[in-house]
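Numbering (full-length UniProt numbering), first residue to last: 1 to 1216. Note that CB positions come from ideal geometry on N, CA and C, so glycine has one too.
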């Protein structure tokens, strides 16, 4: 049967119509089902909310029920105790008037007798267990006196020997003590009721034992050695648990007060209140738990507080302590630190500067998201230590106020929180913790995270006070009936966290009673109710109650309340001896005559002060916004505050950058100090040792470096040297021009010494019509008569880090700050004497008319010739151990007398020699205490003449060595090079063709150095060979082996790495890298708003100075010069803010902007850096060609050091 296409189409259309009808029916049914499901979802959600509300209500009812049950039990116990007391009083009344034998019976014996007759005994309540003793305990003594953790067998043996003595044998029922555990410091002595013996007679025997032990004063053999005569045994009656707690509180309070009194001392080291150190000066009522010292009540477990000054009291477990009384007795200062725990809800810590500016320590959760890992941030008011785990959405962190922050000693982190061990100024070490617990996680995940976190604060950190801020994300219910407050049982997660925290010694700090039901979390959905989920915890910390500020959440836009409390810390007085910051004159100076240096110091103390760094201050507009927001409390007003303040800070920073680019270098120095300051860099040193240990190690280290012969013996010897200097010429006084000339060369912002005299004051005095001549007369008097003030023998000491993270005193560099007036006198004397001391030199690259480029150019020539001639060569760099600090002062005095003899400057010579007298350095160890070092060796720290004098005496000694027979017998290292040695201050460079000859030269140098009190630091000595060298690979000097390194090992020359493997352009590439790094450090400044001319000037000052000092002395390949030009254009383009616009192709933008900058340079006549480098090379070559060494004594001048290297195997030599 055939079907036409029309029929087939009709069939298919009918089928399609049926399918559409069926699909429409199904769609309607699905829609009906979805509508029903949506309604069910709403009903289920409503049921879930109702169930949650019911659960919370049930938890509240259960908590109240628990509290009610406990109170009921306590009331029942109180009633039973009152009944017992009434029965006792009745029995006592019945016994009155009876005979003496009957009057001996007491209520307790009557109670025992009734119990024996079968009468039921009352069940002791919880209160009875705390306030009464069992029958057995009433007939027991506690015997102690042994050291902690003494073995049980030792206690039993020594107790048996005592109790078996005839004086005790009839009184005791057993000679064996009951000891709980394998090691203790005490034991229990039990007594039994003997036949026909009453309870009162048993107590009489017990009293006799106690009194005999006191009278006999028996020493325990196991304690001999710990004390001179050993500890004495003691005995006392057992106390109830409540009485033991009160006694323990009194004992602990007395020990703490005595310890504070022991630590609180005057500047002379004496105790402020010696009476507080004697135990007998404290009156203790052990029964009530109250302790007095004189008329002051220190603490009590039962007495009432003085409510007129309730802030002076700190609540402890068993009572209160009066902080005001403690400070009055001990002389110690206490400081309250405001601590806050706050979940920021994703906000930045910058907002806290206006929202909670009076808080000293922040414990924050959910800080604005950042990079995973640790980071430290400094805001206007706080130092922040932040951490974000990789799987954590937001950051947790702690913030410490800048005023109290010292250093971050150590850090620990988990996936939800951190612990930071912080050292606070004058307050010691404190552990700060913060945690944001899981929400919506299983119990296993929550409890595992809590266990990991709390475990980080165990171990050695348990000895430090600890404050922890926790967002538990579980509803917390507080016991509303007790002032101290406890967390009631709650969810499984909450119970686990509380149990674990309490086991680790942490205790929850309860809010005020009125704040315990205040929510700390307010969901952003207004239909949901808030919960109290945030808690502050403490350990070994005295704190006040927690305040819950719910309105604070509107200030920064978070959903959590601000929790604050007071953390009481002992304030230790600052030990820093003096402020060494530069000081500036604050007003017109009085025209009173100046007689001596003390008058100048008095002017400095009264009319000068340091200048504080300029930092951002809120503008009037910002202050008005803050005031308006505080009045209204509306969130939108606080948002406006943060917005306006952020804009004001940005504008202030832009204005500062503009001022710097316009030449305000004081603003530049201030900004550099703020951006480069590294606070608490000494944290590694204080991590595992205390202040006393650090200070003691620093003293020993400084003594090993700076203390030589006995100071008094050296001073006597120096006086004899001064007496031998004969004054034969008339005195030529200094004139006012000499004074102005030297003052103009002194740095205005140099640190001041102990007398507080700064360069600014000296300049003001010199410019004054009358005071300037007075100052000149003082200087002339000091030099002419040798009347050097004794105060100048003392300098301030600063210990600076030699490495990024110093681990001990050996990583610290001592820097001394002496009087600016003393420096001025020394500079004026140097201007007269040093021309006579300086002499021509064939080996020195330091000193007047010489420069660092001379040394770099000379060694570059050695490297290039060795490469060109394939010369086997060994080059050694020697380092002198101690250098300036180890030089013999006697040798230096002899050197000065020898060089200045017959020069007509005998008074000036005496002044210079007088500077070698023993001196004191006084300062503070970072992270430690104060140190004082009496120096008797080395050049005086901080003296302006020290650097050049060291170079002169070392050059003289080495020149004598090179002209001696032993050195001459070795011949020249390279036959046609009459140079065997170069030096720049304490860096000495030698070269030779064989290891044996170089070893001999090193030994000769070391022997010559030892004559000056110096020696080689073999561990820092480096010997490098050229690729053509074949021979021994070690050298022995002073019993130590120095390996010979390959040609690929860099040799450090004034900070530049020299390689002898043929890489001539290594130094140029290093200089390019330094310029790039300098631009990275100053990029934000150079991109500030200012003219291009100002920016070019800043580039010259800040960037070009990193390479121009030595660029003319190193080899530059044309590729390196091209790289310098490209770098210059890139830097200027970035500084000029020629940014690529959106939609522009990079290669077109790059080509156009680089051409534009090149054209601008050409138009303004500025040199490209390749041209600048070539000019430096040619200028330095001309200087070397013209440089001669002339000592001014009629000897024919010789070519300079570098010139002699340049003529070595040069073109002229080759042609000859």
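Here residue 1057 carries a strand assignment [DSSP, helix/strand/coil]. Note: residue 989 is bridge-paired with 877 and 982 in the DSSP secondary-structure output. Contact check for residue 828 and residue 734: beta-carbon distance about 6 angstroms, within the 8 angstroms limit, so the pair qualifies. Between residue 1077 and residue 1180, the C-beta spacing is not below 8 angstroms.
The shortest C-alpha to C-alpha distance from residue 1085 to any of 141, 7 and 656 is the one to 656. In the DSSP annotation of this structure, the continuous segment of the beta strand (DSSP E) that includes residue 436 starts and ends at 428–436. Your pair residue 329 and residue 296 checks out as a contact, with CB atoms roughly 6 angstroms apart and the cut at 8 angstroms. In the structure shown, residue 1149 falls within a helical segment according to DSSP collapsed to helix, strand and coil.
Inter-residue distance for residue 850 and residue 836 is about 17 angstroms (C-alpha atoms, whole angstroms).
In this structure, the beta-carbon distance from residue 788 to residue 914 falls below 8 angstroms. Collapsing the DSSP output to three states places residue 265 in a strand.
Among the bridge pairs identified by DSSP, residue 19 is matched with none. Following the DSSP letters along the chain, one finds residue 695 inside the alpha helix (DSSP H) bounded by residues 691–706.
Residue 1039 carries a coil assignment under DSSP once its states are collapsed to helix, strand and coil.
Cβ contact annotation for residue 1029 (same chain, cutoff 6 angstroms, sequence separation greater than five): 872, in chain order. Under the DSSP assignment, residue 781 falls outside any beta strand (DSSP E), being part of the alpha helix (DSSP H) whose first and last residues are 771–785. Beyond the five residues adjoining it in sequence on each side, residue 634 comes within less than 8 angstroms, by CB distance, of 554 in the same chain, given in chain order. Following the DSSP letters along the chain, one finds residue 455 inside the alpha helix (DSSP H) bounded by residues 443–455. Taking 8 angstroms as the upper bound for CB-CB distance, residue 393 and residue 349 are not in contact here, some 17 angstroms apart. In the structure shown, residue 837 adopts helical secondary structure according to DSSP, grouped into three states.
Residue pairing by DSSP leaves residue 1099 without any beta bridge partner. Counted as a single uninterrupted DSSP element, the alpha helix (DSSP H) harbouring residue 1076 occupies residues 1066–1086. Separation of residue 949 and residue 842 (C-alpha to C-alpha, rounded to the nearest whole angstrom) is 17 angstroms. Straight across, the Cα-Cα distance linking residue 621 with residue 639 is about 14 angstroms.
Proximity of the region 934–947 to the region 814–832 meets the contact definition, three or more beta-carbon pairs being nearer than 8 angstroms. In this structure, residue 926 places its C-beta atom within 8 angstroms of the C-beta atom of residue 682.
With three or more CB-CB distances shorter than 8 angstroms, the region 389–408 counts as touching the region 362–373.
For the set 1066, 332 and 525, the Cα lying nearest the Cα of residue 259 is the one of 332. The shortest C-alpha to C-alpha distance from residue 560 to any of 867, 265, 549 and 454 is the one to 549. In terms of Cα proximity to residue 497, the closest of 658, 443, 233 and 336 is 443. Along the region 334–372, the alpha helix (DSSP H) occurs as fully enclosed runs of 4 or more residues at 352–355, listed in sequence order. Looking only at 397, 382 and 36, the smallest Cα-Cα distance to residue 406 is reached by 382. Per DSSP, residue 387 lies in no alpha helix (DSSP H) segment; the continuous beta strand (DSSP E) that holds it begins and ends at 382–388. At the C-beta level, residue 448 and residue 419 stay beyond 8 angstroms of one another.
For the pair residue 1136 and residue 508, the Cα-to-Cα distance works out to about 58 angstroms. Taking the Cα of residue 810 as reference, the smallest distance to any Cα among 685, 858 and 854 is reached at 685.
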